[in-house]
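Engineer: First the structure, which I've put down as structure tokens, then a few questions once you've had a look.
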């Protein structure tokens, strides 16, 4: 397959990419190319100009401080999967990155390209929704921060404007909480049919003087639960019903089973399906994956 | 609009003016005249187009030639040391890790990537490492044996 012809420009810096975007309305940005090139080859996209940002060094790399991670938009899935800093602060992100496509795809595909493409069957958007990431965007009027919840607007749609460039992803540290990503992979493409990301704290309730007077024992409970699901919905969805069914409850199979069942209510009716797995089927199976992700996160929280 | 690219393929520098839409796999097959690298599914799923770009595996059907401008590309033809086969080539031969051979160049380069990142993989890790490469002949058993065998041979050669 051959893409339609396009003009090619290579940007050496974020500023130059901005100038090129302004000069070529409708141009597409090329990072690793693992979302854009398939679209070009299938001619689902036929931009007049492609701006290659793949060599902008300032957009690459992972740094960490006490608050969390800053991941440059050009950082590859392989780099994220192998990063000790990511494993420490956001284990589920490394876990998800290690399950994208296959090794050769992970060597070229980038986190920024993945997010800007906004494929609903993608893995990273779901994880970042659960972890409460903030995306840094360079635009005409300078840099701005976008909450992950406001970034995705629909199937393959984001709040990025024509002249915007996603430059970095900030992920608050989940250290202290257990995080996990569990996925039902499409057997050929490895895209997520269902993907569930969880961050879960394990804390204690009671044990203070009131409890002592009342004779109530100190209890171990789930805290700060954050659960997101993707693959079967147009954009990553935070599961408030599941989260509410976890907080202040004992971290047990019964709690996780009941919380996982609540995902059906969170999902609603706007479901995605295909010839491999219908929307109704995915909805029926979703609680199984939510429960697995909760159990995996709780186990890691116990170790944290 | 054509753009100039300089790509070193198996040690040979090739300079051409190419259309930006040209895929790396076509640059290799047409301009470098090396047809070991195959176009299989053409959708980055089957892995038969796998090559090494600056030592790291990539699917050349999902890479533009302009993206590899300035890079050092290695294909199956560049793996042997003169007449001496690479241990992976040797073990694919010895363990019958191929039948029709179409997937083999990609399979060997994907195995090269696996052993670069994990010198002594378990069978499960070998299968996981090769999940981006499809073979319609062997049922994978002999491929896994070949990679295991090559890992052992390479470790022995290191000592």
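Chains as they are written, first to last, in the numbering used here: chain C, 57 to 360; chain U, 491 to 649. Every residue, glycine too, gets a C-beta built ideally from N, C-alpha and C.
If you draw a straight line from the C-alpha of residue 48 (chain C) to the C-alpha of residue 505 (chain U), how long is it?
Structural biologist: Nothing can be reported for residue 48 (chain C), as the shown portion of chain C is limited to 57 through 360.
Engineer: Relative to the alpha-carbon of residue 92 (chain C), which residue among C:165, C:182, C:290 and C:117 has its alpha-carbon at the smallest distance?
Structural biologist: Nearest option by C-alpha distance: C:165.
Engineer: By Cβ distance below 7 Å, which residues in the same chain neighbour residue 230 (chain C) in space, the five residues on each side in sequence not counted?
Structural biologist: Excluding residues within five positions, the ones whose Cβ falls inside 7 Å are 145, 146, 187 and 255.
Engineer: I'd like to know if residue 554 (chain U) contacts chain C, where contact means its C-beta is closer than 8 Å to some C-beta of that chain.
Structural biologist: Yes, because at least one Cβ of chain C sits closer than 8 Å to the Cβ of residue 554 (chain U).
Engineer: Provide the residue span of the beta strand (DSSP E) that contains residue 599 (chain U), from first to last.
Structural biologist: Looking at the DSSP string, residue 599 (chain U) is not in any beta strand (DSSP E); the run it does join, the alpha helix (DSSP H), is 594-607.
Engineer: Can you give me the start and stop residues for the alpha helix (DSSP H) that residue 619 (chain U) sits inside?
Structural biologist: Its alpha helix (DSSP H) spans residues 613-619.
Engineer: Quick one: give me the first and last residue of the alpha helix (DSSP H) that residue 633 (chain U) is part of.
Structural biologist: Its alpha helix (DSSP H) spans residues 631-648.
Engineer: Leaving out five residues before and five after residue 311 (chain C) in sequence, what residues of the same chain have Cβ atoms less than 8 Å from its Cβ?
Structural biologist: Only 278, 301, 302 and 305 meet the Cβ criterion.
Engineer: Give the secondary structure of residue 86 (chain C) by DSSP, where H, G and I count as helix, E and B as strand, and everything else as coil.
Structural biologist: In the structure shown, residue 86 (chain C) sits in a strand (DSSP, three-state: E or B).
Engineer: Would you decide whether residue 309 (chain C) is buried or exposed? Buried here means 16 or more other CB atoms lie within 10 Å of its CB.
Structural biologist: Exposed, by the Cβ-count rule.
Engineer: Could you tell me which chain C residues have their CB closer than 8 Å to the CB of residue 540 (chain U), listed as they occur along the chain?
Structural biologist: Residues of chain C passing the Cβ test: 160.
Engineer: When the Cα of residue 223 (chain C) is compared with those of C:60, C:295, C:62 and C:74, which residue comes out closest?
Structural biologist: Residue 223 (chain C) has its Cα closest to that of C:74, out of C:60, C:295, C:62 and C:74.
Engineer: Could you pull out every residue in the same chain whose Cβ sits closer than 7 Å to the Cβ of residue 105 (chain C), ignoring the five residues on either side in sequence?
Structural biologist: Taken in chain order, the residues that qualify are 62, 63, 65, 80 and 83.
Engineer: Just the Cα atoms here: how many angstroms apart are residue 509 (chain U) and residue 539 (chain U)?
Structural biologist: Roughly 20 Å separates the two Cα atoms.
Engineer: For the beta strand (DSSP E) containing residue 128 (chain C), name the first residue and the last one.
Structural biologist: Note, residue 128 (chain C): beta strand (DSSP E), 124-128.
Engineer: Can you find a CB in chain C that lies within less than 8 Å of the CB of residue 502 (chain U)?
Structural biologist: Output row for residue 502 (chain U): interface = no.
Engineer: Can you tell me whether DSSP reads residue 156 (chain C) as helix, strand or coil?
Structural biologist: Residue 156 (chain C): coil per DSSP, three-state reduction.
Engineer: Against chain U, does residue 106 (chain C) count as a neighbour if the rule is that its beta carbon must be under 8 Å from one of theirs?
Structural biologist: Yes, its Cβ sits closer than 8 Å to a Cβ of chain U.
Engineer: On the three-state DSSP scale, how would you describe residue 109 (chain C)?
Structural biologist: Reduced to three states, the DSSP call for residue 109 (chain C) is coil.
Engineer: On the DSSP bridge assignment, give the partners of residue 299 (chain C) in chain order.
Structural biologist: Paired residue(s): none; residue 299 (chain C) is not in a bridge.
Engineer: When the distance is taken between beta carbons, is residue 89 (chain C) closer than 8 Å to residue 554 (chain U)?
Structural biologist: The answer is yes: Cβ separation under 8 Å.
Engineer: Given a cut-off of 8 Å on the beta-carbon distance, is the pair residue 518 (chain U) and residue 547 (chain U) in contact?
Structural biologist: Cβ distance not < 8 Å, so residue 518 (chain U) and residue 547 (chain U) don't count as in contact.
Engineer: Just how far apart, CA to CA, sit residue 566 (chain U) and residue 198 (chain C)?
Structural biologist: Taking the straight line from one Cα to the other gives about 46 Å.
Engineer: Measuring CB to CB, does residue 281 (chain C) end up less than 8 Å from residue 297 (chain C)?
Structural biologist: No, these two residues do not count as a Cβ contact at 8 Å.
Engineer: Can you list, in chain order, the residues of its chain with a C-beta nearer than 8 Å to that of residue 598 (chain U)? Leave out the 5 residues immediately preceding and following it.
Structural biologist: Result list for residue 598 (chain U): 566, 569, 576, 578, 579 and 582, in chain order.
Engineer: For a contact defined as C-beta to C-beta under 9 Å, what are the partners of residue 103 (chain C) on chain U?
Structural biologist: Those do not exist, as residue 103 (chain C) stays about 11 Å from chain U at its closest Cβ, beyond 9 Å.
Engineer: Using beta carbons (cut-off 8 Å, strictly below), is residue 563 (chain U) in contact with chain C?
Structural biologist: Residue 563 (chain U) does not count as touching chain C.
Engineer: If you pair each beta-carbon of the stretch 232-248 of chain C with each one of the stretch 201-209 of chain C, do three or more pairs fall below 8 Å?
Structural biologist: These segments do not touch.
Engineer: Could you tell me whether any Cβ in chain U is nearer than 8 Å to the Cβ of residue 157 (chain C)?
Structural biologist: True, the Cβ-Cβ gap to chain U drops below 8 Å.
Engineer: Out of C:189, C:87 and C:184, which one is the CA nearest neighbour of residue 115 (chain C)?
Structural biologist: If we check each option's Cα against that of residue 115 (chain C), C:87 comes out closest.
Engineer: So which residues of chain U does residue 242 (chain C) contact, with C-beta pairs closer than 8 Å?
Structural biologist: By Cβ distance, chain U contributes nothing, its closest Cβ being about 10 Å from residue 242 (chain C), past 8 Å.
Engineer: So which residues of chain C does residue 505 (chain U) contact, with C-beta pairs closer than 7 Å?
Structural biologist: The premise fails here: residue 505 (chain U) is roughly 17 Å from chain C at the closest Cβ pair, so nothing lies under 7 Å.
Engineer: Does the stretch 244-254 of chain C touch the stretch 139-159 of chain C, meaning 3 or more C-beta pairs lie closer than 8 Å?
Structural biologist: These segments touch.
Engineer: Entirely within the stretch 549-574 of chain U and at least 4 residues each: give me those alpha helix (DSSP H) ranges in chain order.
Structural biologist: Taking only runs of at least 4 residues, no alpha helix (DSSP H) segment lies wholly in the stretch 549-574 of chain U.
Engineer: Out of curiosity, what's the CA-to-CA distance linking residue 285 (chain C) and residue 253 (chain C)?
Structural biologist: Those two C-alpha atoms are separated by around 6 Å.
Engineer: In the DSSP assignment, find the unbroken beta strand (DSSP E) run with residue 495 (chain U) in it and report its ends.
Structural biologist: That run of the beta strand (DSSP E) goes 493-499.
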